[in-house]
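When you read off a place in the sequence shown, starting at 1, and then add 4, the result is the number in this note's numbering.
What follows is a single structure, written as structure tokens, with notes after it.
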Amino acid sequence: MSGAFEVKPIATVVGGHTVPADDFQGGVESIIRVNEEYPLETLQGIEEFSHLTVIWRFSLASPADVELHARSPRGDTRWPATGTFVHRNHRRPNQLATSYPRLLGVDGRDLLVTDLDAVEGTPIIDIGPWFQEMGPRGQVRQPSWPNEMLAYYWAPASERGR
């Protein structure tokens with residue numbers, strides 16, 4: 005079974021980051037505003053959760069950004085060349101991302117979150133609560149380069165440029 009299918013955004017990011025950045029994503033508050041076509045009861049009970057799972061589209065990217073080959077993360081040759089599906093950036097074929105922001109509050113259709121690494125205006129494809137039981141099972145293994153590359157990813161945005 006293959007073929008294209010349509011995905012319609014269910015919400016939009018309001019506020020927060022205004023430009024994409026590789027690091028200093030932490031501590032920024034934004035709103036995930038659910039589209040009016042969805043009844044308020046679609047959010048009933050979400051305030052009981054501390055974190056969300058959010059799938060979003062790299063809206064500032066273009067199809068020309070997609071790179072289907074191995075390359076060093078962030079163009080830094082200190083890290084090994086790895087394939088497209090080993091990266092988590094906008095150069096992926098569907099240009100989708102998954103984030104796990106902290107839910108600070110709910111006001112009608114507005115979900116106030118922090119640590120959402122999407123920029124203002126980003127279309128949200130799906131929202132769900134984070135269930136610990138759905139996280140990775142067993143010991144997590146990864147090479148050392150993601151730890152080196154992402155050392156400042158969640159550093160407070162207020163520290164950018166210091």
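Positions of the beta carbon are idealized from the N, C-alpha and C atoms, including for glycine.
No experiment lies behind these values; they were computed from the predicted model shown.
Between the CA atoms of residue j and residue i - distance to the nearest angstrom
i, j, result
"H73", "G19", "34 Å"
"D27", "N151", "13 Å"
"R113", "Q29", "24 Å"
"E41", "I14", "9 Å"
"P147", "P84", "10 Å"
"E45", "N39", "13 Å"
"Q143", "R82", "26 Å"
"R166", "A155", "15 Å"
"R141", "A159", "27 Å"
Beta carbon of residue i nearer than 8 Å to that of residue j
i, j, result
"V117", "S63", "no"
"A101", "W149", "no"
"I36", "L115", "yes"
"T16", "I129", "no"
"R92", "D69", "no"
"L56", "G132", "yes"
"D121", "R106", "no"
"M4", "P67", "Lying before the first or after the last residue shown, residue 4 is absent from the chain, which here runs from 5 to 166."
Identity of the residue in the options nearest residue i by Cα
i, options, result
"V123", "S6, E40, I14 and A65", "A65"
"E52", "V58, Y156 and V110", "V110"
"Y157", "G7, A25 and H21", "A25"
"G87", "R75, T22, W134 and E45", "R75"
"A8", "G142, N98 and G49", "N98"
"M138", "R145, A161, Y104 and A159", "Y104"
"E71", "W83, R82, V90 and P84", "V90"
"T126", "V58, G49, I50 and L44", "V58"
"G49", "G79, A161, W134 and E163", "W134"
Contact belief for residue i with residue j at Cβ below 8 Å, rounded distance in angstroms
i, j, result
"H21", "V32", "6 Å"
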